[in-house]
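Engineer: Handing you a structure now.
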Amino acid sequence: MITKPASATLKIVVKSLDNYPVPNAQIIVSYKLANKTITHGPYYTLLNGTSTIQLPLNASVTASLNVSFRGVLVAKENKTLIPNTTQNFVIVSNIVNVTYAVKSPFGGLFTSSEIEFQGEPNTSVSSVKVTLATPNGSVLLPVGVYNVSAFHGPLFFTKLFFFNLSNKNVNIIAPLLTLYYKVLSVNHETINAQNVAILSGNSLLSYQSGSEGSFSSLLPGYYEVIAYANGLTNETTISLGKNETINLILPIGYTVQLLLTDFSGSPLKSYTTILSGPINESATTLPNGIAIFKNLPLGTYTLKIYKNSTLIYVTTITVDSSGEQVINLPIVGQNGETITQLFGNFRYTFGVVLLLFAALILTRTRLRKESP
Numbered sequence: 000m001i002t003k004p005a006s007a008t009l010k011i012v013v014k015s016l017d018n019y020p021v022p023n024a025q026i027i028v029s030y031k032l033a034n035k036t037i038t039h040g041p042y043y044t045l046l047n048g049t050s051t052i053q054l055p056l057n058a059s060v061t062a063s064l065n066v067s068f069r070g071v072l073v074a075k076e077n078k079t080l081i082p083n084t085t086q087n088f089v090i091v092s093n094i095v096n097v098t099y100a101v102k103s104p105f106g107g108l109f110t111s112s113e114i115e116f117q118g119e120p121n122t123s124v125s126s127v128k129v130t131l132a133t134p135n136g137s138v139l140l141p142v143g144v145y146n147v148s149a150f151h152g153p154l155f156f157t158k159l160f161f162f163n164l165s166n167k168n169v170n171i172i173a174p175l176l177t178l179y180y181k182v183l184s185v186n187h188e189t190i191n192a193q194n195v196a197i198l199s200g201n202s203l204l205s206y207q208s209g210s211e212g213s214f215s216s217l218l219p220g221y222y223e224v225i226a227y228a229n230g231l232t233n234e235t236t237i238s239l240g241k242n243e244t245i246n247l248i249l250p251i252g253y254t255v256q257l258l259l260t261d262f263s264g265s266p267l268k269s270y271t272t273i274l275s276g277p278i279n280e281s282a283t284t285l286p287n288g289i290a291i292f293k294n295l296p297l298g299t300y301t302l303k304i305y306k307n308s309t310l311i312y313v314t315t316i317t318v319d320s321s322g323e324q325v326i327n328l329p330i331v332g333q334n335g336e337t338i339t340q341l342f343g344n345f346r347y348t349f350g351v352v353l354l355l356f357a358a359l360i361l362t363r364t365r366l367r368k369e370s371p
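Numbering that gives the first Met the number 0 puts the first residue of the sequence shown at 0, with every later residue one more than the last.
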């Protein structure tokens, strides 16, 4: 006759403080036998919060039943285990069922929103992090302090909560937000836009004109803002989780200086310079030999230089936000003149106006007039 080894069967039910079954709880059984610590597990509860554990056991022992959930110790009970018996234990753990709802300010649930429960650092629940991609529901959490955040793409809500048996509900109403804007050139001057539009996905929500304004009653989310003025466009994607102010920078406002000198470096005054491109502008060199063009839009221009109404030189220049460019002009004349172009531009970065001056240097060349 074969003797069956002695054992103990444990049927354990893990429940929360508010009597909900706790699935996926971890159970470790430990006890001392003959001055030796024996540990069994981990074992895990099923969806109904139960776990059936069979242990080899020859003598009665007092065992410690340690229950953890989401990495947090939530219960520790001492039980007497008796060999060749089936024992039932109900363990009430330090867990609560937290219900939540993320709602639209217009009523109903805020669809496509997410909620996150993050245990507060340096507390017993600091290792807990749960993200749920539904706007309402419930979640089992160890008792403790949590930072609760709500997202609709961008983060739009965050607040500390202490969850226990008397405080286990979260209701969040998404805010209505305002997006303020200004339409500016690269040198931070206001521009009167013919159209400023805001879109959500492919849907046009609203549009207006002018150099500044706002779009209000916006739900948290991602938006595209498009500004249009004088053929120039700025398209900006904004992640809106709170009231924001943005600058819509149009590629206009660059400054170009042309310095004309003769072969000895003396300035050449009263020369006519013409730029043709996105816009057409002309300027006459001053006594210092400089012709100044302001508020130029981004683009490629044809530069023509005249002396006494006679065209003496033609070239192409690019007005952009690059640092410096040097253009070497070919010999075109017989009087020894040279043309040096200093190309400067204003760049606006992170709300700070940066003046980038002295670029596009047109090196010395000779000017040759055509014989009649």
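C-beta: ideal position from N, C-alpha, C; glycine also.
Since this is a predicted model, take the numbers as computed values, not measurements.
1) Helix, strand or coil, according to DSSP, for Pro219 in the structure here?
2) Tell me which residues share the same chain as Asn166 and place their Cβ nearer than 8 Å to its Cβ, disregarding the 5 neighbours each side in the sequence.
3) Does any residue of chain C bring its CB to less than 8 Å from the CB of Ser205?
4) Quick test of the definition: if touching needs 3 or more C-beta pairs under 8 Å, does the stretch 118–126 touch the stretch 193–200?
5) Looking only at C-alpha atoms, which of His151, Thr271, Thr232 and Ile245 sits nearest to Gly220?
6) Between the alpha carbons of Leu178 and Tyr222, how many angstroms are there, rounded?
7) Can you tell me which of the three DSSP states Lys293 falls into?
8) Which partner residues does Phe156 have in the DSSP bridge list?
9) Suppose you measure from the CA of Leu32 to the CA of Val60; what does that come to, to the nearest Å?
10) Please return the same chain residues whose Cβ sits closer than 7 Å to the Cβ of Leu231, not counting the five positions on each side in sequence.
11) Can the beta-carbon of Thr98 be found less than 8 Å from the beta-carbon of Glu113?
12) Here's the rule: buried if 16 or more other CB atoms are within 10 angstroms of the residue's CB, otherwise exposed. What is Val270?
13) Sort Lys293, Gly288 and Lys268 by Cα distance to Asn279 and report the nearest one.
14) State the Cα-Cα distance for the pair Gly298 and Ser238, rounded to the nearest angstrom.
15) I'd like to confirm the pairing. Which residues does DSSP put opposite Phe88 in its beta bridges?
16) For Thr79 and Asn18, I'd like the C-alpha separation in whole angstroms.
17) By the DSSP assignment, the beta strand (DSSP E) with Tyr312 in it spans what residues?
18) From what residue to what residue does the beta strand (DSSP E) around Ile37 run?
19) Compare the beta carbon distance of Pro41 and Gln53 with 8 Å and say whether it is the shorter of the two.
20) Roughly how many angstroms separate the alpha carbons of Leu258 and Gly288, rounded to a whole number?
21) For Pro266, which three-state DSSP category applies?
22) In its own chain, which residues sit with a C-beta less than 8 Å from the C-beta of Glu211, not counting the 5 before and 5 after it?
23) Taking Ser199 as the reference, give the member of Lys158, Asn170, Ile225 and Pro141 with the closest Cα.
24) Buried or exposed: which applies to Thr157, given that a residue is buried once 16 or more other Cβ atoms fall within 10 Å of its Cβ?
25) Three-state secondary structure (DSSP) at Glu211?
Structural biologist: Answer, in terms of the structure:
1) Taking the first residue of the sequence shown as position 1, residue 219 is located at position 220. In the structure shown, Pro219 sits in coil (DSSP, three-state: anything other than H, G, I, E or B).
2) In the sequence shown, counting from the first residue as 1, residue 166 sits at position 167. Closer than 8 Å at the Cβ level, and outside the excluded window around Asn166, lie Phe160.
3) Chain labels in this structure do not include chain C; a single protein chain is all it has.
4) Taking a cut-off of 8 Å on C-beta distances, the stretch 118–126 does not touch the stretch 193–200, as fewer than three cross pairs fall below it.
5) Residue 220 sits at position 221 when you count from the first residue of the sequence shown. The residue with the shortest Cα to Cα distance from Gly220 is His151.
6) Counting from 1 along the sequence shown, the entry for residue 178 is found at position 179. Counting from 1 along the sequence shown, the entry for residue 222 is found at position 223. Near 10 Å, if we compare the C-alpha coordinates of Tyr222 and Leu178.
7) Translated into the one-based positions of the sequence shown, residue 293 becomes position 294. Strand, per DSSP.
8) Here residue 156 refers to the residue found at position 157 when the sequence shown is read from its first residue. Beta-bridge pairing links Phe156 to Ala149.
9) Mapped onto the sequence shown, residue 32 falls at position 33. Mapped onto the sequence shown, residue 60 falls at position 61. Spanning the two alpha carbons is a distance of roughly 7 Å.
10) Taking the first residue of the sequence shown as position 1, residue 231 is located at position 232. Counting only Cβ-Cβ distances below 7 Å, and skipping sequence neighbours, we find Leu249, Pro250, Ile251 and Pro296.
11) Within the sequence shown, residue 98 is the residue found at index 99, counting from 1. Within the sequence shown, residue 113 is the residue found at index 114, counting from 1. No, Cβ-Cβ distance for Thr98 and Glu113 is not below 8 Å.
12) The sequence position of residue 270 within the sequence shown is 271, counting from 1. Reading the sequence as shown, one finds Tyr at residue 270 and not Val. Buried: at least 16 other Cβ atoms inside 10 Å.
13) Taking the sequence shown and counting its residues from 1, the one referred to as residue 279 is at position 280. Checking every option, the nearest Cα to that of Asn279 belongs to Lys293.
14) Reading the sequence shown from its first residue, position 299 is the one you call residue 298. Reading the sequence shown from its first residue, position 239 is the one you call residue 238. Between Gly298 and Ser238, the C-alpha separation is close to 30 Å.
15) Walking along the sequence shown from the start, residue 88 turns up at place 89. Note: Phe88 sits in a beta bridge opposite Ile11.
16) Within the sequence shown, numbered from 1, the residue matching residue 79 stands at position 80. Within the sequence shown, numbered from 1, the residue matching residue 18 stands at position 19. Cα to Cα, Thr79 sits roughly 24 Å from Asn18.
17) Within the sequence shown, residue 312 is the residue found at index 313, counting from 1. Start and end: Thr309 to Val318.
18) The count along the sequence shown starts at 1 and reaches residue 37 at position 38. Element bounds for Ile37: Lys35 to Tyr43.
19) Position 42 of the sequence shown holds residue 41. Position 54 of the sequence shown holds residue 53. With respect to the 8 Å criterion, Pro41 and Gln53 are not classified as neighbours on the basis of their beta carbons.
20) Your numbering for residue 258 matches position 259 in the sequence shown. Your numbering for residue 288 matches position 289 in the sequence shown. Using only the alpha carbons, I get a separation of about 5 Å.
21) One-based indexing of the sequence shown puts residue 266 at position 267. Strand, per DSSP.
22) Working through the sequence shown from its first residue, we reach residue 211 at position 212. Counting only Cβ-Cβ distances below 8 Å, and skipping sequence neighbours, we find Tyr179, Tyr180, Lys181, Val182 and Thr189.
23) Your numbering for residue 199 matches position 200 in the sequence shown. Out of Lys158, Asn170, Ile225 and Pro141, Ile225 has the C-alpha closest to the C-alpha of Ser199.
24) Translated into positions along the sequence shown, residue 157 becomes position 158. Thr157 is exposed by the Cβ-count criterion.
25) Within the sequence shown, numbered from 1, the residue matching residue 211 stands at position 212. For Glu211, the secondary structure class from DSSP, reduced to helix, strand or coil, is strand.
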